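Protein chains in written order, with the working numbering: chain A, 1 to 342; chain S, 1001 to 1299.
What follows is the structure, encoded as structure tokens:
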């Protein structure tokens, strides 16, 4: 997968060989291409969400007004919410509004824009926290493990990452609550609102650990396997060893540096899957983020809210993949300097 | 020995040092280690499957859906209740067994659906390339960027929770994953000399796919599907946990965890027991997947 992408990038870079170009231009080309390719994906995602939400029984107005509401009042509310229009018309309206930066109103009458503006930063902060910590730990643990395959550090890291891979995040969350919130009282059981850096770490550390453990396991396994393979197979490793580079330096400067590329791709691909984790973990800890909103939105049949949140998550996924490609282009000198070394 | 035995295959797949340079004892211990890594998780899984599907046929078990409130909160190993009873007096072991049935049924069905549809799409995209690849890959991209949890929850919300709906909902996760994996594997295999040779000798496409592509990508798909079964079991638990999975009072591991959550601080064992069973199951699946991957030399 990574290799395919890489050769594709190389070909792109190679196609422009001849003219002198700026160092950044291949990366810019990649950005342009990826952004264009993202448009049909985003439209597809919104369309899918829209159809799925429309398939729900159309009882939103009845639910809002209560069971005793008169049919006339229900019809009137349906009209104001635009629910009496045909499907295509509603979708088109929504799409045009979104392109103008208006996500509509929730069934309770609040603005979705406001809801998103308040809750998106919390969720993004939570996910970023989980990602950064798990990647940092994975790099350290995988390097220790790859230094001596089948050594003691390697075996421990394999066992821990197998555990992380097999633990359901919601189960791990309860374990963390029992130990760190109930027994040790280091953190609150339910997260309060995030107001500053202090409350960020206080409220989001346990949720971030619940999400991050699984990620850490995936990243560690991947990075370790990749580094071990590089240490055994690649010529430049042999060269580095032969010219007397100390083992640690070979591992970090040569093997790790090259393995990080594959890791970046996987991180980008995994971003979409984080939505589910965020939704479940945010519900357990009562974090005021969009994952939590997503679940309330679905149980309230709140189409505008769910559509807005899905679009945000799809955007994050697409942008994450783009960033991964970009990091690839910037970090890999073969692509950075645009040379086609095939 | 005309037919290579599995062990001979193993030796070729293992690390390169010449046999003469490695002591026999070390080789034997490596072989035993490899066999254990395969058969221990396989044995655990078979045992779990037997407990879930065969045991209820062999012995009469207490009901997994209703219990006698008089006998609630019984300790483990109390008479008639191997793991005790919960707050409503329902036998915990029965709940685990019937919840396990549901978990395995859902996981195997979802993986089968995902494999059939995903591999078909992925192989078609990878083999034919061109506009077929373009359309199918975009479709898979959309499914990957679309939070499948939303679809799963909406299906449960709209159609009402049931085992069949859970299966359909979770298949949405499985199809793009299998599609992407098999597309990647197909593009690799398609470029190999034997496929070119087959094509040059005029073999039809469907025959090349059936005879050359599928057999060669299958090891990777099967090991991936074992990991997939584990993921589906976790996701099924998540849906139950959120109240969108198997409807109560029918037992499921996820709903057991959710019910235990309410008395988490007082009696954590109601969360811990199903969690540990869930963990053992998924660890067994993952280690089995790893062992097969090692044995078949799949990346």
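The beta carbon of each residue, even a glycine, is placed where N, CA and C say it ideally should be. This one's a predicted model, so the numbers in the text were calculated from it and none came from an experiment.
**Message:** Report the CB separation of residue 1300(S) from residue 1097(S) in whole angstroms; it is logged as a contact under 8 angstroms.
**Reply:** Nothing about residue 1300(S) can be reported from this structure: the residues present for chain S run from 1001 to 1299 only.
**Message:** According to DSSP, residue 1085(S) sits in a beta bridge with which residue or residues?
**Reply:** As a first step, residue 1085(S) must be located in the second chain, where it is residue number 85. BP columns for residue 1085(S) point to 1091(S).
**Prompt:** Going by alpha carbons, who is nearest to residue 95(A) out of 300(A), 323(A), 259(A) and 49(A)?
**Reply:** In the first chain, the residue the question calls residue 95(A) occupies position 95. Ranking the options by Cα distance to residue 95(A), first place goes to 49(A).
**alpha helix (DSSP H) runs wholly inside the region 214-295 of chain A, at least 4 long, in chain order** = 235-242, 257-270 and 274-285
**Prompt:** Does the region 299-319 of chain A come close enough to the region 108-116 of chain A that 3 or more CB-CB pairs lie under 8 angstroms?
**Reply:** yes
**Message:** Within a Cβ cutoff of 6 angstroms, which residues of the same chain sit near residue 1122(S), ignoring the five residues on either side of it in sequence?
**Reply:** For the purposes of this step, residue 1122(S) is taken as residue 122 along the second chain, with counting starting at 1. These residues qualify, in order along the chain: 1179, 1182 and 1183.
**Asked** Would residue 23(A) be called buried (16 or more neighbouring beta carbons within 10 Å of its own) or exposed?
**Response** Stepping through the first chain from its first residue, residue 23(A) is reached at position 23. For residue 23(A), the predicted structure reports a pLDDT of 48, less than 50, and the residue's modelled location is therefore unreliable. A value from the coordinates is still provided. Answer is exposed; the Cβ neighbour count stays below 16.
**Prompt:** Within 9 angstroms (strictly less), CB to CB, does residue 122(A) reach chain S?
**Reply:** The residue labelled residue 122(A) in the question sits at position 122 within the first chain. Answer no: the Cβ-Cβ gap between residue 122(A) and chain S never drops below 9 angstroms.
**Status (buried if at least 16 other CB within 10 Å, exposed otherwise) for residue 224(A)** = Working through the first chain from its first residue, we reach residue 224(A) at position 224. With 16 or more Cβ atoms within 10 Å of its Cβ, residue 224(A) is classed as buried.
**Request:** Could you have a look at residue 21(A) and say whether DSSP puts it in helix, strand or coil?
**Result:** To locate residue 21(A), count along the first chain from 1; it is residue 21. Confidence is the limiting factor: at residue 21(A) the pLDDT is only 47, short of 50, which leaves the residue's position unreliable, though a coordinate-based value still follows. Looking at residue 21(A) - three-state DSSP - the assignment turns out to be coil, as it is neither helix nor strand.
**Asked** Buried or exposed: residue 235(A), going by 16 or more other Cβ atoms within 10 Å of its Cβ?
**Response** Counting from 1 along the first chain, the entry for residue 235(A) is found at position 235. Label assigned to residue 235(A): exposed.
**Message:** Since residue 298(A) and residue 1154(S) should fall inside the 8 angstroms C-beta cutoff, what is the C-beta to C-beta distance between them, to a whole number of angstroms?
**Reply:** For the purposes of this step, residue 298(A) is taken as the residue at position 298 of the first chain. For the purposes of this step, residue 1154(S) is taken as the residue at position 154 of the second chain. Yes, residue 298(A) and residue 1154(S) are in contact; Cβ-Cβ is about 6 angstroms, under 8 angstroms.
**Prompt:** Using a C-beta cutoff of 9 angstroms, does residue 1111(S) count as contacting chain A?
**Reply:** The residue labelled residue 1111(S) in the question sits at position 111 within the second chain. No, residue 1111(S) lies away from the interface with chain A (no Cβ there is under 9 angstroms from its Cβ).
**Item:** chain A contact residues for residue 1133(S), given Cβ-Cβ distances below 9 angstroms
**Value:** Indexing the second chain from 1 puts residue 1133(S) at position 133. Near residue 1133(S) there are no residues of chain A at all, since even the closest Cβ is about 12 angstroms away, more than 9 angstroms.
**Request:** Count the other CB atoms, across all protein chains shown, that sit within 10 Å of the CB of residue 1023(S); report buried if there are 16 or more and exposed otherwise.
**Result:** For the purposes of this step, residue 1023(S) is identified with residue 23 of the second chain, where counting begins at 1. Classification for residue 1023(S): exposed.
**Request:** Note down, one range per segment and in chain order, each alpha helix (DSSP H) of at least 4 residues found wholly within the region 167-217 of chain A.
**Result:** 169-176
**Message:** So if I threshold CB-CB distances at 8 angstroms, which residues from the region 1239-1251 of chain S count as touching chain A?
**Reply:** 1241 and 1242
**Asked** For a contact meaning CB atoms closer than 9 angstroms, what does residue 44(A) contact in chain S?
**Response** By one-based count along the first chain, residue 44(A) stands at place 44. Chain S residues near residue 44(A): 1138, 1139, 1141, 1142, 1143, 1145 and 1146.
**Prompt:** Hey, quick one: how far does the alpha helix (DSSP H) through residue 1256(S) stretch, first residue to last?
**Reply:** Here residue 1256(S) refers to the residue found at position 256 when the second chain is read from its first residue. Looking at the DSSP string, the run of the alpha helix (DSSP H) that includes residue 1256(S) is 1253-1261.
**Asked** What is the DSSP secondary structure of residue 161(A), reduced to helix, strand or coil?
**Response** In the first chain, counting from the first residue as 1, residue 161(A) sits at position 161. Helix, per DSSP.
**Message:** I'd like to know if residue 216(A) contacts chain S, where contact means its C-beta is closer than 9 angstroms to some C-beta of that chain.
**Reply:** Taking the first residue of the first chain as 1, we reach residue 216(A) at position 216. No, because no Cβ of chain S sits closer than 9 angstroms to the Cβ of residue 216(A).
**Message:** So, with DSSP's three-state summary, where would you put residue 105(A)?
**Reply:** In the first chain, the residue the question calls residue 105(A) occupies position 105. In this structure, residue 105(A) counts as strand in the three-state DSSP scheme.
**Request:** Quick one: using the 10 Å Cβ neighbour count with 16 as the cut-off for buried, is residue 247(A) buried or exposed?
**Result:** As a working note, residue 247(A) is residue 247 in the first chain. Exposed, by the Cβ-count rule.
**Cβ pair count under 8 angstroms reaching 3, the region 206-225 of chain A against the region 131-146 of chain A** = yes
**Message:** Residues of the region 1271-1286 of chain S in Cβ contact with chain B at a cutoff of 7 angstroms, in chain order, please.
**Reply:** Chain labels in this structure do not include chain B; the protein chains are A and S.
**Message:** Going by DSSP in three states, residue 111(A) sits in which element: helix, strand or coil?
**Reply:** Position 111 of the first chain holds residue 111(A). Here residue 111(A) sits in strand by DSSP.
**Prompt:** In the structure shown, what three-state DSSP assignment does residue 47(A) receive?
**Reply:** Along the first chain, read from residue 1 onward, the residue named residue 47(A) stands at position 47. It is helical.
**Item:** Local conformation of residue 1014(S) per DSSP, three classes
**Value:** For the purposes of this step, residue 1014(S) is taken as the residue at position 14 of the second chain. Interpretation of residue 1014(S) is limited by its pLDDT of 49, a score under 50 that renders its predicted location unreliable; no figure is taken from the coordinates.
**Request:** Assuming residue 119(A) contacts residue 289(A) (C-beta within less than 8 angstroms), just tell me the rounded distance between them.
**Result:** For this step, residue 119(A) is matched to residue 119 along the first chain. For this step, residue 289(A) is matched to residue 289 along the first chain. About 5 angstroms separates the two Cβ atoms, so the contact holds.
**Asked** How long is the line joining the alpha carbons of residue 194(A) and residue 187(A), rounded to whole angstroms?
**Response** Numbered from 1 along the first chain, position 194 holds the residue referred to as residue 194(A). Numbered from 1 along the first chain, position 187 holds the residue referred to as residue 187(A). Rounded to the nearest angstrom, the two C-alpha atoms are 14 angstroms apart.
**Asked** For residue 1296(S), which of helix, strand or coil comes out of DSSP?
**Response** As a working mapping, residue 1296(S) is identified with position 296 in the second chain. The answer is helix: DSSP assigns residue 1296(S) an H, G or I state.
**Message:** Is there a C-beta anywhere in chain S that falls below 9 angstroms from the one on residue 170(A)?
**Reply:** Here residue 170(A) refers to the residue found at position 170 when the first chain is read from its first residue. Yes, residue 170(A) counts as interfacial toward chain S.
**Request:** Give the DSSP-derived three-state secondary structure of residue 302(A) in the structure shown.
**Result:** On the first chain, residue 302(A) is found 302 positions in, with the first residue counted as 1. Residue 302(A) falls in the coil class under three-state DSSP.
**Status (buried if at least 16 other CB within 10 Å, exposed otherwise) for residue 277(A)** = As a first step, residue 277(A) is located in the first chain; it is residue number 277 there, counting from the start. With 16 or more other Cβ atoms within 10 Å, it is buried.
**Message:** Helix, strand or coil for residue 1269(S)? Go by DSSP, reduced to three states.
**Reply:** Working through the second chain from its first residue, we reach residue 1269(S) at position 269. In this structure, residue 1269(S) counts as helix in the three-state DSSP scheme.
**Simplified DSSP state of residue 1189(S), which is helix, strand or coil** = The count along the second chain starts at 1 and reaches residue 1189(S) at position 189. In this structure, residue 1189(S) counts as helix in the three-state DSSP scheme.
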